[in-house]
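J.:
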Amino acid sequence: MSTVQPSGEGREIMFALVCGLLPFEDQNTQALFQKILHARYCPPSKLPAECRTLISKNREFDPTKHNTVV
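Each residue of the sequence shown is one higher than the last, beginning at 13 in this note's numbering.
1. Taking Cβ to Cβ, would you say Pro35 is nearer than 7 angstroms to Phe45?
2. Does the beta-carbon of Pro60 have 16 or more other beta-carbons within 10 angstroms, so that it is buried, or is it exposed?
3. Pull up the distance between the alpha-carbon of Gln42 and that of His50, whole angstroms please.
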């Protein structure tokens, strides 16, 4: 059995699939770039706590702190 850890675009794709919107949006290009560079996004408050936790943990830059899927 192997494990899979979302990384790179996988985190943003998971966010889009779970939330139904893109994680990074801003009218200002420089502000948008900073949000992407620093992974600054928050899941919508309407999401269940489990989904919010999943998304938050996968925002970590350290892959050892990511959730895994078995």
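Don't be surprised by glycine CBs; every beta carbon is placed ideally from N, CA and C.
T.: Let me spell this out:
1. As a first step, residue 35 is located in the sequence shown; it is residue number 23 there, counting from the start. As a first step, residue 45 is located in the sequence shown; it is residue number 33 there, counting from the start. No; because the gap between Cβ atoms is not below 7 angstroms, this pair is not in contact.
2. The residue labelled residue 60 in the question sits at position 48 within the sequence shown. Its Cβ having fewer than 16 others within 10 Å, Pro60 is exposed.
3. Translated into the one-based positions of the sequence shown, residue 42 becomes position 30. Translated into the one-based positions of the sequence shown, residue 50 becomes position 38. In a straight line, the C-alpha of Gln42 is about 12 angstroms away from that of His50.
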